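To convert, count from 1 in the sequence shown and add 316; that's my numbering.
Remarks on the structure that follows.
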Amino acid sequence: MSKTKESQAPHPSAVANIDAGPIKLPIDCRHFTGYKPCGKSETCDKSCAAYEPTGARVLLVHLGALGAVVRSTTLLPAIRRKYPNAHITWVTDRPADVLLRHHPLIDRLITTDGRDLIQLRALRFDVALVIDKSIAAAGVMAMTEAEQVFGFRVDPMSAAILPATPAADELWRIGLSDHLKFHVNRKPETQLMVEALELGPWLRDAYHLQLTEAELSEAARRRLAWGPRVVGLNTGCAATIPFKKLSVEGHVKLIHELRRRDPDVRIVLLGGREDTQRNRQIAELTNVIESPTESGLRDGMISMMACDVVVSGDSLGLHMALGLGKRVVAWFGPTCAHEIDLYDRGASLITQAPCSPCWKRSCDKPVMCYDLVSFSQLASLSVALLSECRSPQPSREPEV
Ligand code: SF4
């Protein structure tokens with residue numbers, strides 16, 4: 317667990333005017349690093365227009381999985397509301413850091429790679445928010461110091477994961493009971509996290525992923541090349557629960573249904589390196605567009621940004637689409653639809669399999685949940701959402 321010490325140095329705001337030599341420097345500014353210019357102004361003093369006195373130093377520990385990390389971007393506005401002018405450090409596993417890059421509400425991004433993580437030993441925080449229920453997250457916390465910890469902790473003797481405060485009890489218990497998780501709970505995970513971390517009332521803050529200007533230009537170029545009405549099919553999912561993706565045959569049926577309803581629709585296959593082979597198979601059978609799958613996560617975000625509507629199982633692709641402000645059609649097999657808020661920008665479709673949800677990692681049912689999704693409904697929901705795309709997309713800037 318994180319260490320707290322009697323001999324704490326004063327909060328940074330208390331040393332705002334430290335004499336750093338002949339010139340008083342505003343070392344309490346959120347942008348001040350002390351080793352190079354912050355790039356926001358020529359003169360570094362409190363007359364600088366970008367000067368922003370730092371409030372609480374907040375550590376957010378969310379290591380994985382990728383989709384869940386993207387979902388946790390919904391916490392950032394709530395953190396800033398509770399802790400005005402907070403300086404936010406986020407620790408995560410690679411390659412989740414790639415997705416979080418350029419986010420305007422994250423001040424420092426640290427990965428769990430050894431050389432990167434060692435920075436934590438030099439830092440101290442007012443507040444730590446630990447989202448992962450894992451020993452690894454507790455190990456990260458053991459490398460630093462925090463005055464207050466919310467979320468989850470680990471009992472060092474038994475290695476049991478426990479709520480850090482009573483507020484995390486509900487989320488903790490839901491994780492321990494399939495009955496609670498599948499049949500009792502109706503709150504989305506985003507709400508449960510805000511409540512567990514004591515971040516104030518849940519205001520349904522949106523996901524946010526930030527593309528650079530260059531990435532947005534490339535997305536616009538692909539959009540132009542692909543056509544005026546683009547549905548992106550996110551074809552894959554992580555190997556942990558492999559049933560969150562449709563079969564090749566399922567994708568082919570869906571593509572036929574989409575074309576039957578809208579002959580002008582352009583269909584793009586989305587995904588990463590692990591989906592290359594499947595996407596090739598689907599494209600050979602249907603002559604749809606294959607987006608690049610070998611160019612990394614940010615390139616995948618660019619392709620997704622170029623789509624009007626994204627169809628996805630409950631996987632990273634779904635969370636990425638929400639982070640990019642896309643309209644989404646989400647289908648659910650082994651996992652719980654009520655845990656995912658689509659922010660009124662999409663529609664959910666649940667498999668007709670009676671065994672759903674189950675959260676199983678292996679399954680030998682003769683007919684699988686992903687084959688019992690209504691492809692005709694998936695197609696009609698997608699086409700209905702496409703017709704909404706003439707109206708402006710919702711704002712993509714996170715609001716505090
Ligand atoms: S038990 Fe049912 S819902 Fe779960 S993976 Fe198997 S088929 Fe899908």
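Using N, Cα and C, we set each Cβ at its ideal position, and we do this for glycine too.
Since the structure is predicted, the reported quantities are computational estimates derived from the model, not experimental observations.
Delimiting residues of the beta strand (DSSP E) encompassing residue i
i	result
residue 520	Note, residue 520: premise wrong, no beta strand (DSSP E); not H, not E.
residue 557	Unbroken run through residue 557: none, as it is neither H nor E.
8 Å CB neighbourhood of residue i in its chain, flanking five on each side removed
i	result
residue 672	648, 649, 650, 666 and 685
residue 676	557, 559 and 650
residue 502	654
residue 433	407, 426, 427, 456 and 459
residue 718	Because the chain is modelled from 317 through 716, residue 718 falls outside the range shown and cannot be assessed.
Per DSSP, the bridge partner or partners of residue i
i	result
residue 418	Partner(s): none; residue 418 has no beta bridge.
residue 469	478
residue 548	584 and 626
residue 408	427
residue 605	584
residue 666	648
residue 446	377 and 467
Residues near residue i by beta carbon distance below 6 Å, same chain, minus five either side
i	result
residue 549	585 and 627
residue 632	382 and 383
residue 701	625 and 643
residue 450	none
residue 691	569, 570 and 573
residue 711	Here the model assigns residue 711 a pLDDT of 44, short of 50, so the residue's position is not dependable, and the following value carries that caveat. Here the set comprises nothing.
Pick from the options that is closest to residue i, judged by C-alpha positions
i	options	result
residue 378	370, 534, 469 and 576	469
residue 442	452, 398 and 623	398
residue 699	545, 596 and 356	545
residue 414	527, 693 and 354	527
residue 563	689, 636 and 400	689
residue 461	477, 476 and 437	437
residue 704	683, 642 and 668	642
residue 622	482, 525, 534 and 692	534
residue 385	409, 402, 396 and 393	409
residue 682	693, 692 and 670	670
residue 476	483, 532 and 492	492
residue 512	605, 595, 536 and 395	395
residue 615	694, 530, 638 and 522	530
residue 660	645, 411, 474 and 374	645
residue 522	638, 466, 372 and 365	638
residue 555	591, 547, 542 and 525	591
residue 403	375, 483 and 587	375
residue 662	340, 635, 687 and 668	635
residue 499	579, 664 and 652	652
residue 494	674, 687, 693 and 694	674
residue 389	373, 422, 359 and 401	422
residue 668	657, 658, 687 and 350	687
residue 435	593, 392, 405 and 618	405
residue 393	587, 547 and 516	516
residue 473	537, 482 and 454	454
Residues near residue i in its chain [Cβ-Cβ closer than 7 Å; skip 5 each side]
i	result
residue 567	549, 551 and 598
residue 696	577
residue 601	568
residue 479	468, 485 and 488
residue 575	581
residue 452	379
residue 553	560, 561, 629 and 631
residue 362	342
residue 322	Residue placement at residue 322 is flagged as unreliable, the pLDDT there being 37, under the threshold of 50; the coordinate-derived value follows with that caveat. Taken in chain order, the list of residues that qualify is empty.
residue 507	518
residue 429	410
residue 366	347, 356 and 357
residue 679	559
Limits of the alpha helix (DSSP H) - the one that residue i falls within
i	result
residue 492	485-492
residue 702	691-704
residue 680	Careful: residue 680 lies outside any alpha helix (DSSP H) and carries neither H nor E.
residue 571	564-577
residue 532	529-542
residue 631	First-last for residue 631: undefined, no H or E at that position.
residue 612	Per DSSP, residue 612 belongs to no alpha helix (DSSP H) and is neither H nor E.
residue 510	505-512
Test: residue i CB closer than 8 Å to a CB of chain B
i	result
residue 650	No chain B is part of this structure, which consists of one protein chain only.
- Item | 4-residue-minimum alpha helix (DSSP H) runs that sit fully inside the stretch 332-403, ordered along the chain | Inside the stretch 332-403, DSSP marks whole alpha helix (DSSP H) runs of 4 or more residues at positions 382-387 and 391-398, from first to last along the chain.
- Enumerated in chain order, which unbroken segments of the beta strand (DSSP E) with a length of 3 residues or greater are wholly contained in the stretch 637-663? Complete beta strand (DSSP E) runs here, min 3: 643-648.
- Item | Those residues, in chain order, that have a beta-carbon closer than 6 Å to some heavy atom of the ligand ADP | Among the ligands present in this structure, namely the ligand SF4, the ligand ADP is not found.
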